[in-house]
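Novice: Residue numbers (this note's numbering): 1 to 78. In this text, a Cβ means the ideal position worked out from N, Cα and C, and glycines have one as well. Remember, it's a predicted structure, so these values are computed and weren't measured experimentally. Before anything else, here's the structure in question.
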Ligand SMILES: Nc1ncnc2c1ncn2[C@@H]1O[C@H](COP(=O)(O)OP(=O)(O)OP(=O)(O)O)[C@@H](O)[C@H]1O
Ligand SMILES: [Mg+2]
């Protein structure tokens, strides 16, 4: 399953991209820097992946890929 989320915001500069999934990394004045780190963590716990494609002045697209799995009723523990 592929989920893509796009915006037409400011975009993310190339030198920032490698850092955006790090916990506590933020460029915002009021930002925790935890959002993307949490998203990545949750997605990877479910054996999915998240990728980002961004162009400054154009926008950003996140692509989340989740494996097809049969639900077993087991929950994931940290
Ligand atoms: N769609 C986007 N457009 C522009 N910059 C982005 C985008 N998504 C992430 N970023 C950059 O990545 C950084 C980290 O994002 P993240 O969502 O983890 O934290 P945050 O938005 O700063 O704070 P919060 O945890 O409150 O969401 C942001 O500070 C910003 O620099
Ligand atoms: Mg955020």
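Smallest Cα separation from residue 69: which of 46, 59 and 58?
Specialist: Per the Cα distances, 46.
Novice: Between residue 53 and ligand 1, is there a pair consisting of the residue's CB and a ligand heavy atom that are separated by less than 8 Å?
Specialist: No, since every heavy atom of ligand 1 falls outside the 8 Å radius drawn around the Cβ of residue 53.
Novice: Tell whether a beta-carbon distance below 9 Å holds between residue 42 and residue 2.
Specialist: The answer is no: Cβ separation not under 9 Å.
Novice: Identify the residues that DSSP records as bridge partners of residue 52: which are they?
Specialist: According to DSSP, residue 52 bridges with 62.
Novice: Just mark residue 16 as buried or exposed, buried being the case when its beta carbon has 16 or more other beta carbons within 10 Å.
Specialist: The residue in question, residue 16, is exposed, as its Cβ has fewer than 16 Cβ neighbours within 10 Å.
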